[in-house]
Every structure is written in C-alpha cells, then in structure tokens.
C-alpha cells in the first residue's frame, strides 16, 4: 500500500489569503484525488489531479478557487484561494495503487480561516 | 443519482458485544465498495474493497459482506480500540470526468466501552 504525506498538517489563515497544500506519495499511483471533509461531515471529492494537465473538477468546485497541480506521478498540490471562513475544513489527498483499485488517504490538512 | 447511506449514525457497544453496521447504496454500475476506519484528526484508513455480490472479506474482528443493494460490516467481540468512525464508499462506473472517485456515506461512529 502507498504511504501518503501532506504538508502542512494544520494551519490558521486570515480571510482573503491563499494556502497551498502539498501531497507526496512514496510510490507511483495511477490516480490522485483531493477531498474536503467539513466539520462533522463525510468526504466530498473536489477534483481528480491529472499528471501534466488540468485537474478534473466536481460540480460545485472551480479551478480559480482550488487550483491543483500534479507535475509527476507522486506529487500534487492543492491551493485554497481567497479564503473565507466557509473554507475551514480538513483537506485530504488520496491515491490509487498501480496494481489494484485500493485508494489510500493522507493524514489530512486541517485548515481554519479566521 | 449515486448515493450511499450508512446506519446507524452512532453505535455504542459494550466490550465483547457483537454488532453490524449497514451501508445501503444506489449506484449506476458498481465498480467497488470500500470500507474505511477514521480516527479523530486522521485520514481514513483502508479496510476492505468488495467487488461483487456474495463477496466477503475478514480482518481480525471485522468482516465485510456485500449484496446488490447493501454492505454490512460485522464486528465480532469488539474491543475499546475498535472505537472509530467507519466510512463506506462506492466507486461507480465512469462518472462524468472523474473515473475512479469514491462517493462516501456519512459514517457510523462506533464507541466500545470496557
């Protein structure tokens, strides 16, 4: 199974600023995803991070607000832009293994926007 | 619309008291059903993937089963360390532009008292 790390683990940010979250996988994965988990809620997919091309966003999420990069098979970033308190959430990165359909998650980044 | 419903929302058990968690789903073309465990402040930890009705998988005190409409996570003689939120997710067939993403239920919060 892949081991996924995220940086930062948590941050407190001011309204109107942006934060970039990094996701690193210890082995190649076929697909990488970014999810959001709002307080007391389950996970909601933000987008699929595509290597070398624009991410594929789910309904309700746009590139201007959540720009995503994936320059290679093991690394991706998610930026939360022009933040508001409604963006306070846990952001999770996940990856799907090369040899199977199992999807593994990072530890998450807990974001608080004041 | 693809949907996942978990019940109960919360479950309190005494140590050694076996029980089951339910995950009902409606999905267009099930590719896989996933069970995860999530501890507070952490990312989901992969437990099982089930692919077809009748399939069963076991891991320690946990056993997952799958029918065409629902999945059960059976917990036999639970211990306090089994306390966590258990998440169920389904992976549908090609869904919009996001092949491979998971649709999560809201989870069952399990508490096991000594």
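Chains as they are written, first to last, in the working numbering: chain W, 25 to 138; chain G, -7 to 106.
Ideal Cβ positions, reconstructed from N, Cα and C, are used throughout, including at glycine.
*Among W:64, W:95, W:35, which residue has its Cα nearest to the Cα of residue 56 (chain W)?*
Taking the first residue of the first chain as position 1, residue 56 (chain W) is located at position 32. Cα-wise, what sits closest to residue 56 (chain W) is W:95.
*Just grab the DSSP bridge partners of residue -4 (chain G) for me.*
Numbered from its first residue, the second chain carries residue -4 (chain G) at position 4. Beta-bridge annotation (DSSP): residue -4 (chain G) is paired with G:17.
*Distance between beta carbons of residue 37 (chain W) and residue 130 (chain W), contact taken as under 8 Å*: Indexing the first chain from 1 puts residue 130 (chain W) at position 106. Indexing the first chain from 1 puts residue 37 (chain W) at position 13. About 19 Å separates the CB atoms of residue 130 (chain W) and residue 37 (chain W); that is not less than 8 Å, and the two are not in contact.
*For residue 57 (chain G), which residues from the same chain have a beta carbon less than 6 Å from its beta carbon, with the 5 sequence-adjacent residues on both sides left out?*
Here residue 57 (chain G) refers to the residue found at position 65 of the second chain. If you ignore the 5 residues before and after residue 57 (chain G), its C-beta comes within less than 6 Å of the C-beta of 48, 64, all in its own chain and listed in chain order.
_Looking at the secondary structure, which residues open and close the beta strand (DSSP E) in which residue 35 (chain W) lies?_
Residue 35 (chain W) sits at position 11 when you count from the first residue of the first chain. Where residue 35 (chain W) is concerned, the enclosing beta strand (DSSP E) stretches over 34 to 37.
*How big is the Cα-Cα spacing for residue 43 (chain W) and residue 96 (chain G)?*
Against the first chain, residue 43 (chain W) aligns to sequence position 19. Against the second chain, residue 96 (chain G) aligns to sequence position 104. Their Cα atoms are separated by approximately 26 Å.
*What residues in its chain sit with their C-beta under 7 Å from that of residue 30 (chain W), if we drop five residues either side in the sequence?*
For this step, residue 30 (chain W) is matched to residue 6 along the first chain. Here the set comprises 45, 46, 47, 117, 130, 131, 132, 133.
*First and last residue of the beta strand (DSSP E) that includes residue 71 (chain G)?*
Here residue 71 (chain G) is taken as the residue at index 79 of the second chain, counted from 1. For residue 71 (chain G), no beta strand (DSSP E) run applies, since DSSP gives it neither H nor E.
*residue 27 (chain W) to residue 22 (chain G), Cα distance in whole Å?*
Taking the first chain and counting its residues from 1, the one referred to as residue 27 (chain W) is at position 3. Taking the second chain and counting its residues from 1, the one referred to as residue 22 (chain G) is at position 30. Those two C-alpha atoms are separated by around 26 Å.
_Is the beta carbon of residue 109 (chain W) closer than 7 Å to that of residue 86 (chain W)?_
In the first chain, the residue the question calls residue 86 (chain W) occupies position 62. In the first chain, the residue the question calls residue 109 (chain W) occupies position 85. Cβ atoms of residue 86 (chain W) and residue 109 (chain W): not closer than 7 Å.
*Would you kindly report the start and end of the unbroken beta strand (DSSP E) that includes residue 37 (chain G)?*
Walking along the second chain from the start, residue 37 (chain G) turns up at place 45. 37 to 42 is the extent of the beta strand (DSSP E) around residue 37 (chain G).
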